[in-house]
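Chemist:
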Amino acid sequence: MSKPLFPSRRTSGNLLFRFAVISDTHLRLPQDGHLTPWKSQAKGVERAEKALMQIGKVRPDFLIHLGDMVQPVPHIPSYAETAAFARQLFDAQPYPVHYVAGNHDAGDKITPVTPAHATDAHSIAAYGAAFGDGYYAFDHGPCRFVVLNTTLIGSGLPEESAQMEWLEADLRANAGKRLFFNIHYPIFVGTADEPSYYDNVEEPGRTRLLALLTEHAAEAVFAGHVHTPFFHGIGSTDFYSMISTCFVRHDYAEMFHTTPAEEFGRNDEPKLGWAEVEVYEQGHSVTYRRMMTADALAPALSVRAGRSASLGVQLRTAWADLNPISINGPVDEFVRRRVRNDYVLLALWETGLRDLRVPLDDIADDATFERLCWLVSIGHRLTCYTTRTDPPEATLAGRLSHLDARTELIVEWLRIETLKPAIAAFRASVPGEVALACTVSASDHRKDRYTGGYVPMSFGFDPSETDMLLQFHADFGARHDLAYAFRFGPEVSAIDGGESIAAFARRTGTRATVNLVQIGPDPAAMPEREADVIWRLCEGQLAGAAHPDIVFHCDTLIDQDRGYFPRKGLYDRRLNPGPQGHAVRKLALWLNARGAPSDFEKTTDGLAFTIDGAPCRLIRAGDRIVVADSNGTTALAG
């Protein structure tokens, strides 16, 4: 397994240009209110105008609309008038706009189970009169942008074969150019071999199109229709499905283990938006702009482009699993769709969470391993943990090497003497870095500290145990090239603990990981003050930036609102960013613009530190938290 499954996606070189992507505006005229019963859709024009205003501020070279410009389909009498209104709105922008045919614009794909009028000669002609060619291509810099009408694929209409013949000829004629495909229907949503249903491209055209993407090493495919982010990588190609400016496809609200937002999930406003795409000399970076948030146009983090947070996260959720969506018309009354909740990946990328901690068992699953390889090609770094001391089989060890992953081995410290032979054998069989951690429980080696009540089952050495570890490392750890994993409970300052662990790492010549816990003391209560958690995350991020050889993982990405030790994560149960996520992102942006902090001192209102000798402050007043330097103050919370 020496050859990477995916070439690097990390950007390099100069920024060449940027463009914007918008999708599923579903514009309608006031007299067409009867077409849709949802109040959110009455805001379609207002929301499209808001998105266009925001897009104008980033000054893209051009805009691509991925289809469903309008709500009425071509067989509805108001289609032409609505399409003319849409063209007037979009064409008034100070940048070129390129249109993609959606199913509302050119008719549903032809299958026995599509709920609206399928594409036909009338639909194709009406679309052409309103928006122009259904398939075409244009160049910008070294890139070729290909636009296809995916409603034609599988139709059997003469235009289907004509489009495919044109595509194959165009790809041959433009060999060597970087290719960006723009379509409405996603080629697939969950897996490339999924059955045909309302949301994907029909076979056999799907397989033929995927083969062309692979043959010509397309760089990216942008799709609309599902109003939901789904992300994939195949070979050199990244696949993005776009969010909508108008409404959320509320059938996909089933992905969230909580009650849906307004209109049964359709009017989940933080999920509305558009995308900004930066194209570099090598690679590209996509930022999904959540248009209804106050900081929709804030500078963006990007793991691909090296703009990351100095804080990682444990992926506790089943992030790579395919989840069934209940069978329910009108879109799918006959097929059970299986999809991943890729709002998890969107959360990682928009918050710049590069460092990920996952169970070692994750990489034993073929599909999850492949997805992790793709994330590593993007720029993520992995820590895989296990409590099993038996050496992993050769395939698993090979996968760890392929991922360049750190391995955490978690053991009962009370049994450390008897476990040493097993630890040595484990270390000898595992490539890369191995960090040793101890279990944390009421029966661990620190049991004299516990006086009753619940103790969370966790892992990691306490910073106060470095003297013990210095002796262990001298006697055993150094011989076996071990690193160490620590745990910072609520009582441990991430700044003080970070300094202690950094000193230990320097003395031993090792690296370290830190489990930065977000739980409170009561297993039956949610911690009351969000500001306490935000302060802790900010401290952890400052410590991570100050000590780049120590990887800090916060322990909760998504709110834990059930089970033991409920706690706030960075995102809520609908995977919309919460106050903690906003604070982490804002501080990451602030640090990326300045550099590594040092010289920490506690003050009466927070922390003082320096960056390249310049004084800085992290200040807390009640629930308000700000970071400040000579350039001004940035609010992180409150």
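Taking full-length UniProt numbering, the leading residue of the sequence shown gets 1, the next gets one more, and so forth. Just so it is clear, CB atoms sit at the ideal spot from N, CA and C, and this is done for glycine as well.
1) By how many angstroms is the C-alpha of Pro-463 removed from the C-alpha of Asp-496?
2) Excluding sequence positions up to five away, which residues of its chain have a Cβ less than 8 Å from the Cβ of Val-248?
3) Apply the 10 Å Cβ neighbour rule to Asn-200 and answer buried if 16 or more other Cβ atoms are within range, or exposed otherwise.
4) Go to Leu-167, then tell me how far its beta strand (DSSP E) extends in each direction, as first and last residue.
5) Please classify Ala-305: does DSSP put it in a helix, a strand, or coil?
6) Do you know offhand how far Glu-49's Cα is from Leu-89's?
7) How close, in whole Å, do the beta carbons of Ile-378 and Arg-18 come, if the pair is a contact with beta carbons under 8 Å?
8) Rounded to whole angstroms, what's the CA-CA distance from Tyr-135 to Phe-231? Just pull it up for me.
9) Go ahead and pull the three-state DSSP assignment for Leu-297.
10) If the criterion is Cβ atoms closer than 8 Å, does the pair Leu-63 and Ile-110 meet it?
11) How would you write the range of the beta strand (DSSP E) that Ala-602 sits in, first residue to last?
12) Pick out the complete beta strand (DSSP E) segments inside the stretch 49 to 133, 3 residues or longer, and give them in chain order.
13) In this structure, how does DSSP classify Ser-23 when only helix, strand and coil are distinguished?
14) Let me check one thing: in DSSP terms, what residues is residue 649 bridge-paired to?
15) Which residue's Cα is closest to the Cα of Ala-614: Gly-606, Arg-620, Ile-625, Leu-591?
16) I need the DSSP call for Asn-267, collapsed to helix, strand or coil.
17) Express the C-alpha separation of His-553 and Thr-513 in angstroms, rounding to a whole number.
18) Between Met-1 and the rest of its own chain, which residues show a CB-CB distance below 6 Å, the 5 nearest in sequence each way excluded?
19) Please list, in chain order, all residues of the same chain as Thr-407 whose beta carbon is under 8 Å from its beta carbon, the five residues on each side excluded.
20) Report, in whole angstroms, the separation of the C-beta atoms of Phe-504 and Leu-537, which I expect to be a contact under 8 Å.
21) Find out if the Cβ-Cβ distance for the pair Asp-332, Tyr-127 is shorter than 8 Å.
22) If I'm right that Leu-301 touches Gly-235 with Cβ under 8 Å, what's the distance once you round it to whole angstroms?
23) Just to confirm the assignment: which complete alpha helix (DSSP H) runs, minimum length 4, are found wholly within the stretch 340 to 364?
24) Residues in its own chain within less than 7 Å of Leu-345 by CB, not counting five upstream and five downstream?
25) Does Gln-282 come out as helix, strand or coil in the three-state DSSP assignment?
26) Sorted by chain position, which residues of the same chain lie with C-beta nearer than 7 Å to Arg-307's C-beta, five sequence neighbours on each side aside?
27) Just verifying my parser: in three-state terms, what is the DSSP assignment at Thr-259?
Modeler: In short:
1) 9 Å
2) His-227, Thr-228, Ala-261, Gly-265, Arg-266, Asn-267, Asp-268, Lys-271, Leu-272
3) Counting every other CB atom within 10 Å of its CB across the protein chains shown gives Asn-200 a total of 16 or more, marking it as buried.
4) Leu-167 -> not in any beta strand (DSSP E); alpha helix (DSSP H) instead, spanning 158 to 173.
5) Of the three classes helix, strand and coil, the one that applies to Ala-305 here is coil, per DSSP.
6) 8 Å
7) Actually they do not touch by this definition, with Cβ atoms about 19 Å apart.
8) 24 Å
9) coil
10) Leu-63 is not a Cβ neighbour of Ile-110, given a cutoff of 8 Å.
11) As written in the sequence, residue 602 is Lys, which differs from the Ala given in the question. Segment 597 to 603, the beta strand (DSSP E) holding Lys-602.
12) 63 to 65, 97 to 99
13) The three-state secondary structure of Ser-23, taken from DSSP, is coil.
14) Beyond the ends of the chain as shown, which are 1 and 638, falls residue 649; an answer cannot be given.
15) Leu-591
16) coil
17) 8 Å
18) Only weak support is given to the placement of Met-1: the predicted model assigns it a pLDDT of 49, under 50, and the value that follows is read from those uncertain coordinates. For Met-1, where only same-chain residues beyond five positions count, the Cβ hits under 6 Å are Gly-398, His-402.
19) Leu-360, Thr-383, Cys-384, Tyr-385, Thr-386, Leu-400, Val-430, Gly-432, Glu-433, Val-434, Ala-435
20) Their Cβ separation, rounded to whole angstroms, is 23 Å, which puts Phe-504 and Leu-537 out of contact at 8 Å.
21) no
22) Actually they do not touch by this definition, with Cβ atoms about 26 Å apart.
23) 343 to 350
24) Phe-231
25) strand
26) Here the set comprises Leu-301, Gly-352, Asn-592.
27) coil
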